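Peer 1:
In structure tokens, the structure reads:
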């Protein structure tokens, strides 16, 4: 969580710095608005890529944990069946 906050802080700082640089640059309003739009799209794309990457990481970890859980469950079932058969053989 701490790393995520640092990353978001850096992204926010970069966005604010870029916006201030664009707003104070000596250019026409239309050019400035185009620059703002372009930069906004670039930052949005960067955030989307980071979000997608995070979702992929979480999804992969979920799949891994799910498979490990299923493996443990199957191992438990096998041991239970083995023990049950051993008990049945003792009773006969």
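In the working numbering, the protein residues as written are 5 to 96.
Note that CB positions come from ideal geometry on N, CA and C, so glycine has one too.
Just so it is clear, the structure is predicted and the values come from calculations on it, not from any experiment.
1) Do you know offhand how far residue 70's Cα is from residue 60's?
2) Restricting to Cα atoms, I'd like to know which of 43, 65, 33, 83 is closest to residue 20.
3) Going by Cα to Cα distance, which pick from 51, 22, 28, 64 is closest to residue 8?
4) How far does the alpha helix (DSSP H) with residue 6 in it extend, from its first residue to its last?
Peer 2: Concretely, from the data shown:
1) Spanning the two alpha carbons is a distance of roughly 15 Å.
2) When each option's Cα is compared against that of residue 20, the closest is 43.
3) Restricting attention to 51, 22, 28, 64, the CA atom closest to the CA of residue 8 is found in 51.
4) Run containing residue 6: 6 to 27, per the alpha helix (DSSP H) assignment.
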